[in-house]
Each structure stands twice: as C-alpha cells, then as structure tokens.
Amino acid sequence: GDSVTQMEGPVTLSEEAFLTINCTYTATGYPSLFWYVQYPGEGLQLLLKATKADDKGSNKGFEATYRKETTSFHLEKGSVQVSDSAVYFCALSEQGFNKFYFGSGTKLNVKP
Amino acid sequence: DAGVTQSPTHLIKTRGQQVTLRCSPKSGHDTVSWYQQALGQGPQFIFQYYEEEERQRGNFPDRFSGHQFPNYSSELNVNALLLGDSALYLCASSQWGQPQHFGDGTRLSIL
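Just so you know, the protein sequences line up as chains A and B, in that order.
The numbering of the first sequence is our numbering, which starts it at 2 and goes up by one.
The numbering of the second sequence is our numbering, which starts it at -14 and goes up by one.
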C-alpha cells in the first residue's frame, strides 16, 4: 500500500542555517506529493506540492523536487528563520487528491 | 473568506460515550474529508464525503461514522469511545479532485 517515510526529529538549527528534511514514499501509481506545515495549536497548512516527476514545488523559500527514480521529495530551505519552527509533514495523494497519506512529521526548532 | 471551520475546539468525554464533531468547509468546496491525528503522529485518513455520500474510507472501525449535509457541511460521529480515540480530529475540504485545505481541528480527550 501507499506510505510516506520521513526523517525523525526533532531537527535543531541555528537561524540562517540550511535545512533538509528527507522524505521517501511508496506508491502503487503516480502520486502527487505535498509538504504541509503545522504550527502549535493549529491545523495543517499546504506549503508546496508537485504533481509529476521532476516537478519542483516552491513557496516561502522552501523547495522540494519530485524524484521518481529515488521515490523522494526532500524539503530544503537555504536560510531558516525562527518563525519556521513548526512540524513539517510530507504527504502523497493518488490521482484525484481524494485520500492523503502522511508521514509521521518532523519537528523543526530554529534557535536565534 | 472563511476557511475550514471546526467545532468544538476542545472536547472531553469518558469511555463508552458518543461524540459528534462538526465541520464547515471552505466556501466553494463540496468535498469533506476527516483525519485522526494522534499525539506525535501524522494524520490518518478516516473517510471522505462528496454529494452526501461516503466515497472513500480508511482503516477505521464502524464506530466511526459520518454525514454530509446539502450545504456541504459534515459531521463525524464516534460511538463507544475508547481511550485510544483521544486525538486531534482534522477536517479538510476541497473541490472534488483538488488539493485539500485543513481546519484547525477538534482536540478530543477521553477520560
């Protein structure tokens, strides 16, 4: 069945450091891939998405590239800020976006 | 433009009781999905409603049931509550076939 595996956290970085959060997936078809972010006490916000192989999703300085050959969708940011501290979830959805499979989340702590 | 709204925000129940959670989708959205997020875990898909019918279901027992109303709002019902049902319950809405937008969730605690 479909599944998503994320690197375990927490990840602790200093402000302006480079961020990578690894995500790999298993899917039977050709899924769309997503990164969601969850701030304390809130729901999930869509950060970026990619719908086919080699697509790059980007938003607010975050990027992720859909790599079919390595079944990966790693999240990167060149310079993190304290305000980026949150839990990040990688997710996939098969055609139609009707059912999402989420990873277990990676907590990011950014120190000033 | 209001996003996805859920009520109540927090709820405390005891084992064996029944609970109803409510969700109003984002304006223009006709599809509602429900997820259970246990502490420290990612959300798990419960089911999805479109045109007032359950269209897809995850691996949850029949104690979990739902409903969608003509105005697209939705309810999640859980019967015979267990301690393990304690979680954040998230509602997500979308237009059919489009990416989902999430509400802030209902925190359910079972004593």
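Glycine included, C-beta positions come from ideal geometry on N, C-alpha and C.
Since the model is a prediction, treat every value here as computed from it, not as a measurement.
With a cutoff of 9 angstroms on beta-carbon distance, Trp19/B and Leu75/B are scored as near each other. Interface flag for Phe87/B against chain A is set, since a Cβ pair is found closer than 9 angstroms.
Secondary structure of Leu68/B (DSSP, three-state): helix. Between the alpha carbons of Lys57/A and Ala65/B lies a gap of roughly 45 angstroms. Using a Cβ-Cβ cut-off of 9 angstroms, Phe90/A is close to Gly27, Pro28 of chain B, given in chain order. Between the segment 63 to 75 of chain A and the segment 22 to 32 of chain A, the count of Cβ pairs shorter than 8 angstroms is three or higher; the stretches touch. Contact with chain A is found for Tyr20/B, since one of that chain's Cβ atoms lies less than 9 angstroms from the residue's Cβ.
For Leu47/A, the chain B residues whose Cβ falls inside 9 angstroms of its Cβ are Pro84, Gln85, His86, Phe87, in order along the chain.
Secondary structure of Ser84/A (DSSP, three-state): helix. Boundaries for Val(-11)/B: no beta strand (DSSP E) harbours it, and the DSSP string shows neither H nor E there.
Only residues of its own chain outside the window of five on either side were considered, and among them Leu20, Ile22, Thr107, Lys108, Leu109, Asn110 have a CB closer than 8 angstroms to the CB of Val12/A, listed in chain order.
Bounds of any beta strand (DSSP E) do not take in Ala23/B, whose DSSP letter is neither H nor E.
By the Cβ criterion, the segment 82 to 91 of chain A is in contact with the segment 39 to 49 of chain A, since at least three pairs of Cβ atoms, one from each stretch, lie closer than 8 angstroms.
Taking 9 angstroms as the cut-off, the Cβ atoms of Phe45/B and Gln22/B do not count as close. As DSSP reads the structure, Trp36/A sits in a beta bridge with Leu49/A, Cys91/A. Inclusion of Ile31/B and Arg40/B in the CB contact set at 9 angstroms is not warranted, their separation being larger than that value. Under DSSP, Gln2/B shares a beta bridge with no residue. Counted as a single uninterrupted DSSP element, the stretch harbouring Tyr57/B is not any beta strand (DSSP E), since DSSP gives it neither H nor E. In this structure, the beta-carbon distance from Gly90/B to Gly44/A falls below 9 angstroms. Shown here, Lys100/A sits in coil according to DSSP, grouped into three states, outside any helix or strand.
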